[in-house]
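In what follows, a structure is listed as structure tokens, so that the remarks can point back to it.
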Amino acid sequence: MPRDVSGGHDRGSRSIRSRVTAAAVVVIGAVLVLAITAASLLTRDAIQRDLSDHTAAAARHVVELSMQRRFDGPIPAQGGVTRLQIVDEDGRVVAASATVQGYAPLTRVRPEHGDFRIDTTVCRTGAAVAGCLTVVGFREQNSSYGDVMVYAAARQPALLSGLMLELILVVLGLVILAVVGWVTWWGVGRTLRPVETIRADLERLTASELGHRLSVPDTGDEIAGLARTANATLDRLETAMKRQARFVSDASHELRNPIAGLRVRLELQLSEPECGEAAETLRGALVDVERLEGIVNDLLELARLDADVSCARESIDLAELAAGEVRGRVTAKEVTTALAPDVVVAGNRLRLARLLVNLLANAERHAQNRILVTVGAEGDDAVVRVHDDGHGIAPGDREQIFERFSRLAESRRRDPGGSGLGLAIAREVAVAHGGHIDAGESPELGGAVFTLRLPRA
198 MPRDVSGGHD RGSRSIRSRV TAAAVVVIGA VLVLAITAAS LLTRDAIQRD
248 LSDHTAAAAR HVVELSMQRR FDGPIPAQGG VTRLQIVDED GRVVAASATV
298 QGYAPLTRVR PEHGDFRIDT TVCRTGAAVA GCLTVVGFRE QNSSYGDVMV
348 YAAARQPALL SGLMLELILV VLGLVILAVV GWVTWWGVGR TLRPVETIRA
398 DLERLTASEL GHRLSVPDTG DEIAGLARTA NATLDRLETA MKRQARFVSD
448 ASHELRNPIA GLRVRLELQL SEPECGEAAE TLRGALVDVE RLEGIVNDLL
498 ELARLDADVS CARESIDLAE LAAGEVRGRV TAKEVTTALA PDVVVAGNRL
548 RLARLLVNLL ANAERHAQNR ILVTVGAEGD DAVVRVHDDG HGIAPGDREQ
598 IFERFSRLAE SRRRDPGGSG LGLAIAREVA VAHGGHIDAG ESPELGGAVF
648 TLRLPRA
């Protein structure tokens, strides 16, 4: 039976790796939002404070100079600050540095009553004062010009203009977030690599391959412990399966001799002319014994298949094998064949013959009149199909019929003495040869079709 491994390991958005990476990105992203906001505020505050202190120092120095004398010309630059003005009570510029000489006051903001300093930001256009300026002003009543305001202004850096600072911080945050996401994805993938190995090992396990064990990583962590525990469980499971298979095999062997002896006695008794009225009862008992003998033989074959008892393999022409089995059967049904030559597989002749016999017997039980057997090659597969013109199999029952002792109502009606093991044995033989078998609807005869696929030799 083919295994569906397409969903064995979900590598999509719901994988552990994706979830952990997404969680890390969300958490780090939230932290970065807070960090960027705080960094923006703190950086702006620090730059603004430093700029204000530097500008205030220049203004204080001009205040000191104005208390000593009037300026004969432009006010000299102070510590790199080139925008300096002295404004009287009437709002007239009475002295200015060369950069702003002839311009209106840098600002008309004056200190509140009882205060002597102002700090403000001025944004305007103009050759001398274009852009945003940090302006610091001091009121001095004892200057050479009387009661005046001394203003000093410095251009604000680009980081404080607009959203330049925030843009830089956001870009930096996105880079950090991308690095965190990649590192988390890589780290979780590396951590889960042993889990993927364990999953792949488990996926390869079948009931007939329980001797395989999981790879134990040398990490010494919980994953290694999980692998060791799983191996111990597989040890116990393998022991139980072997014990069960051995019991079935031994029981089948032990039952064969007494059943064979009982059958001989019944046949001898039936051959006696004086059996009289007991003949019908004896014939019924003989039928039951034959059915029981068939069940025992089927159980023994299944036990051998479960135990994976190796058998000699050879190159087998499926067309020749199918033709021989068809010729060897006595049936009232019309059996036709379409057998392509040179369709060769590597397998055990007795077991493959048993598989074909079971399929033919099943078709004979359910066919109305006709059976069609075909052999051909499709790609790398050798394909055998057995069609019948019976009532077919409902789609919901097409897997159930391969289960052991599974018999549909139609099968019980047509063959009350069947064991329900024939198709189970056929599938086990197919799987043991690296192939599979399934049931469907026959397009040729309208009934059921059983399709066997085996790898070509």
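Take 198 as the starting number for the sequence shown in our numbering and just add one per residue.
Backbone N, C-alpha and C fix where the C-beta goes; we use that ideal spot for every residue, glycine too.
Buried or exposed: residue i, going by 16 or more other Cβ atoms within 10 Å of its Cβ?
| i | result |
| --- | --- |
| Ser340 | buried |
| Val581 | buried |
| Leu371 | exposed |
| His630 | buried |
| Thr528 | exposed |
| Ser263 | buried |
| Thr279 | buried |
| Thr426 | exposed |
| Gln275 | buried |
| Glu400 | exposed |
Do residue i and residue j have their C-beta atoms within less than 9 Å of each other?
| i | j | result |
| --- | --- | --- |
| Gly328 | Gln353 | yes |
| Asn545 | Leu620 | no |
| Leu330 | Ala301 | no |
| Asp312 | Arg336 | yes |
| Ala516 | Val461 | no |
| Val306 | Val290 | no |
| Val319 | Ala256 | no |
| Ala476 | Leu556 | no |
| Ile213 | Glu363 | no |
| Val230 | Val377 | no |
| Pro391 | Ala429 | no |
| Gly277 | His310 | no |
| Asp586 | Gly644 | yes |
| Asp285 | Val345 | yes |
| Ala253 | Arg314 | yes |
| Ala564 | Arg653 | no |
| His409 | Leu423 | no |
| Leu356 | Ile244 | yes |
| Leu374 | Ile225 | yes |
| Leu452 | Val493 | yes |
Give the secondary structure of residue i by DSSP, where H, G and I count as helix, E and B as strand, and everything else as coil.
| i | result |
| --- | --- |
| Ala411 | Here residue 411 is Leu; the residue named in the question, Ala, does not match the sequence. In this structure, Leu411 counts as coil in the three-state DSSP scheme. |
| Thr426 | helix |
| Thr416 | coil |
| Asn559 | helix |
| His310 | coil |
| Arg401 | helix |
| Arg387 | helix |
| Phe335 | strand |
| Ser162 | The chain is shown from 198 up to 654; residue 162 falls before or after that span and cannot be answered. |
| Arg266 | coil |
| Phe647 | strand |
| Gly458 | helix |
| His633 | strand |
| Ser639 | coil |
| Gly328 | strand |
| Gly589 | coil |
| Ala537 | coil |
| Arg208 | Residue placement at Arg208 cannot be trusted, given a pLDDT of 48 that sits under 50; what the coordinates show is reported in the next sentence. Reduced to three states, the DSSP call for Arg208 is coil. |
| Leu465 | helix |
Spatial neighbours of residue i within its chain, please: C-beta separation below 6 Å, excluding the five flanking residues on both sides.
| i | result |
| --- | --- |
| Gly637 | Val646 |
| His584 | Leu569, Ser639, Glu641, Leu642 and Val646 |
| Ala574 | Val540 |
| Leu281 | Val259, Ile272, Ser294 and Ala349 |
| Trp382 | Thr218 |
| Arg266 | Ser341 |
In whole angstroms, what is the alpha-carbon distance linking residue i and residue j?
| i | j | result |
| --- | --- | --- |
| Arg480 | Leu489 | 14 Å |
| Arg246 | Asp415 | 58 Å |
| Ser203 | Lys530 | Confidence is the limiting factor: at Ser203 the pLDDT is only 40, short of 50, which leaves the residue's position unreliable, though a coordinate-based value still follows. Computed Cα separation, rounded: 42 Å. |
| Ala627 | Pro455 | 31 Å |
| Leu618 | Val385 | 48 Å |
| Val532 | Arg524 | 10 Å |
| Asp398 | Ala550 | 33 Å |
| Gly576 | Arg650 | 11 Å |
| Asp207 | Leu389 | Note that Asp207 scores a pLDDT of 46, beneath 50, so its modelled location is shaky; the value from the coordinates is reported in the next line. Cα to Cα, the separation comes out at about 13 Å. |
| Gly209 | Val228 | Per-residue confidence for Gly209 stands at a pLDDT of 44, beneath the threshold of 50, marking its modelled position as unreliable; no derived number is given. |
| Leu553 | Ile395 | 38 Å |
| Glu487 | Thr478 | 14 Å |
| Asp495 | Ala437 | 21 Å |
| Gln597 | Ser603 | 7 Å |
| Asp242 | Glu261 | 28 Å |
| Ser512 | Gly521 | 16 Å |
| Arg510 | Thr648 | 22 Å |
Just to confirm my understanding: we take residue i, look at its own chain, exclude 5 residues before and 5 after, and list those with CB closer than 8 Å. What are they?
| i | result |
| --- | --- |
| Asp514 | Pro538, Asp539, Val540 and Val541 |
| Leu483 | Arg460, Leu463, Glu464 and Leu467 |
| Glu469 | none |
Using a Cβ-Cβ cut-off of 7 Å (strictly less than) and excluding sequence neighbours within five positions of residue i, which residues of its own chain qualify?
| i | result |
| --- | --- |
| Glu600 | Ala621 |
| Ser249 | Asp316, Thr331 and Val333 |
| His380 | Position check: residue 380 holds Val in this sequence, whereas His was assumed. If we look at Val380 and ignore the five residues flanking it on each side, it has no Cβ neighbours. |
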